[in-house]
Structure formats: C-alpha cells, structure tokens
Amino acid sequence: MIGYFDAEDGKPKVVLSVKGTKRKEKQLTALFDTGHSGSLSLPIFDLIEIGAKLASIGRAQYADGRIGIDYLFSVKVKFNGIEKEVEASMIQNPQVTQAIAGVQLFSPFIALIDFRNKKLNLIKENDLRKKL
Amino acid sequence: MNINMIINPIPSTINVQDLLKKGEEIYQQELKSILEPGNNGKYVAIEAQSRKYFLGDTKEEAVAEAKKNFPDKIFVTRRIGEIEKIASYSQEFTPPSFSYDWVL
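Here the protein sequences come in this chain order: A and B. Position 50 of the first sequence, counting from 1, maps to 295 under the working numbering, and the rest follow consecutively. Position 38 of the second sequence, counting from 1, maps to 40 under the working numbering, and the rest follow consecutively.
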C-alpha cells in the first residue's frame, strides 16, 4: 500500500522513491493530484539532492497569464515494487517542498480514491475487471 | 566546490534563453507549417543542433521519444498550436537578488 490520506490535511498522498544521476535514492511523500497533467512535479531541492538530469525546457503560461519556463528532469521513480523513468517537472519556488504526483505516473495502474472512507488504492485494470 | 551545483539544478553550460530562442526559430521557420493545425494540442520536442523533432500526445511522451535518439541532449519542448498552460504549483520563482556570501 503506497497511498493514504494524510490525517493532517485530509489530502491523498503517495510514497515514492526517486533517483537521479547520483546513487542516492530519496524516499518522499507526494500529494496525489488527479488534475495534474503530467507524471510528477518535484521541488527544486529534491532535484538537486538526487542529481536529476535536465531533459527539456519549454515556454509555458501560468494561471496568472505570465509566461515562464517549464523544466523537465529525467528521474527514476519506484513505487509498488516497480521502477520507471519519468520526466518530472521542476517546482521552481524553493518555498514549496511538497512533491506532486499525477495519474500518468501510475500507469498502468488505476487509482481508486474512496473519499468517504479516506482510502486510496492502486490496482491494475485487469484486476479491477475481475473484481467487478 | 561548485556553488552553482548546490543551488541550481540547471547545468551552467546551458544558456536557457539561447536554446529556447533557437528551438522557437526552428519551430516557426520549419515545423509550424508542417505540424499545424493537424497536430494541434500535441507536443513537439526539438533537438536544436540536428533540427530533428519528435511528437507526443504529452510533453513527457515527446521528450521520451526524443531521448531514444539523443539520450544526452536537452530538448526544447513546445505545445503545437497554442502555448501550454500549466498549474500554479509549477510556477516560476524569481528569487530576490542576494549574494552567496553566506555559503563562503
């Protein structure tokens, strides 16, 4: 079980391990945001700590209309015993220390969020079909 | 000790503005007429030196495809058609100017 609801803020969180070019692997807790269009956003200091390698840069527009630069870094992510390489976007504000995970990260798993019972489960589509 | 490595994950050898400018030039001059409007909403990752490009439904897919061919390059990404809009938690942060005296 890698997902849970945080008793402090009531938000769904997932536990992940991330690795960059350095040998060091870092375990972190990410907010699970179903509205996140990508796989993962990591705080700048986490990217520095693991030595993540810059993969791409691109212009993007923020909600307030400003145009900025979005940076993607190559990161290896481990969860539920599987490891995958993803392109994680950088959270540039150093005051933000919370990583954000999107649904794309967990493919081929499907996330089942039970808000009433505060449970978060990841299940493969085939296994879900068997249960239905 | 390399101070830049401590405080900034962007390699000091990369001129971000120059790379973005070159990528945008390639897009406007060579790719826009080919990719728009048929691929609007998709993403393109451009390798500026070779001027090769790779498409994906998401930005990550385009970069992953590009990395298969150029594993050590840094790509310029762009949403085809309209500019990409991103969430506030990715918001760019402009730090106040400060000296590194505290590090030394």
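All C-beta atoms in this analysis are idealised placements derived from N, C-alpha and C, irrespective of residue type, glycine included.
Going by beta carbon distance, what residues of the same chain come within less than 6 Å of residue i, once the five residues before and after it are set aside?
i             : result
residue 288/A : 336, 341, 342
residue 75/B  : 49
residue 81/B  : 45
residue 317/A : 300, 301, 332, 334
residue 286/A : 334, 336, 345
residue 18/B  : none
residue 106/B : Low confidence applies to residue 106/B: its pLDDT is 36, below 50, so where it sits in the model is not reliable, and the reading given next is rough at best. No residues qualify anywhere along the chain.
According to DSSP, is residue i helix, strand or coil?
i             : result
residue 374/A : helix
residue 319/A : strand
residue 216/A : The displayed coordinates of chain A run from 246 to 377. Any statement about residue 216/A would go beyond what the structure contains.
residue 280/A : coil
residue 330/A : strand
residue 337/A : coil
residue 355/A : strand
residue 29/B  : helix
residue 301/A : strand
residue 343/A : coil
residue 290/A : helix
residue 12/B  : coil
residue 19/B  : helix
residue 47/B  : strand
Compare the C-alpha of residue i against each of the options and name the closest.
i             : options                    : result
residue 62/B  : 377/A, 319/A, 294/A        : 319/A
residue 85/B  : 33/B, 18/B, 45/B, 14/B     : 45/B
residue 10/B  : 271/A, 307/A, 284/A, 291/A : 291/A
residue 52/B  : 12/B, 88/B, 77/B, 37/B     : 77/B
residue 284/A : 60/B, 67/B, 73/B           : 60/B
residue 264/A : 313/A, 303/A, 330/A        : 330/A
Within the 8 Å Cβ cut-off, does residue i reach chain C?
i             : result
residue 306/A : The chain labelled as chain C is not found among the protein chains of the depicted structure, namely A and B.
Return yes when the C-beta of residue i is under 7 Å from any heavy atom of the ligand SAM, and no when it is not.
i            : result
residue 35/B : Ligands displayed in this structure: none; no statement on the ligand SAM is therefore possible.
Along chain A, in chain order, which residues have C-beta atoms closer than 8 Å to that of residue i?
i            : result
residue 80/B : 303, 304
Interface residues of chain B around residue i at Cβ under 8 Å?
i             : result
residue 255/A : Neighbours of residue 255/A on chain B: none; closest Cβ ~18 Å, over 8 Å.
residue 332/A : 61, 62, 65, 66
residue 300/A : 65, 69, 76, 77
residue 283/A : 60, 61, 62
residue 368/A : None at all; the shortest Cβ gap to chain B is about 23 Å.
If I measure Cβ to Cβ from residue i and keep anything under 7 Å in the same chain, skipping five residues before and after, which residues do I get?
i             : result
residue 368/A : 354, 355, 357
residue 251/A : 258
residue 371/A : none
residue 363/A : 250
Taking residue i as the query, report the chain B residues whose CB atoms sit under 9 Å from its CB, ordered along the chain.
i             : result
residue 318/A : 11
residue 297/A : 11
Taking residue i as the query, report the chain A residues whose CB atoms sit under 7 Å from its CB, ordered along the chain.
i            : result
residue 47/B : 301
Against residue i, what residues of chain A qualify as contacts under a CB-to-CB distance less than 9 Å, listed in chain order?
i            : result
residue 21/B : 302
Below 7 Å on C-beta distance, what does residue i contact in chain B?
i             : result
residue 326/A : Per Cβ cutoff of 7 Å: no residues; residue 326/A is ~22 Å from chain B at best.
residue 289/A : 11
| query | Would you call the segment 342 to 351 of chain A and the segment 297 to 316 of chain A in contact, with 3 or more CB pairs under 8 Å? | reply | no
| message | Using 8 Å as the cut-off, can you tell me whether the segment 276 to 283 of chain A makes contact with the segment 320 to 327 of chain A, which would need three or more C-beta pairs spanning the two stretches below that distance? | response | no
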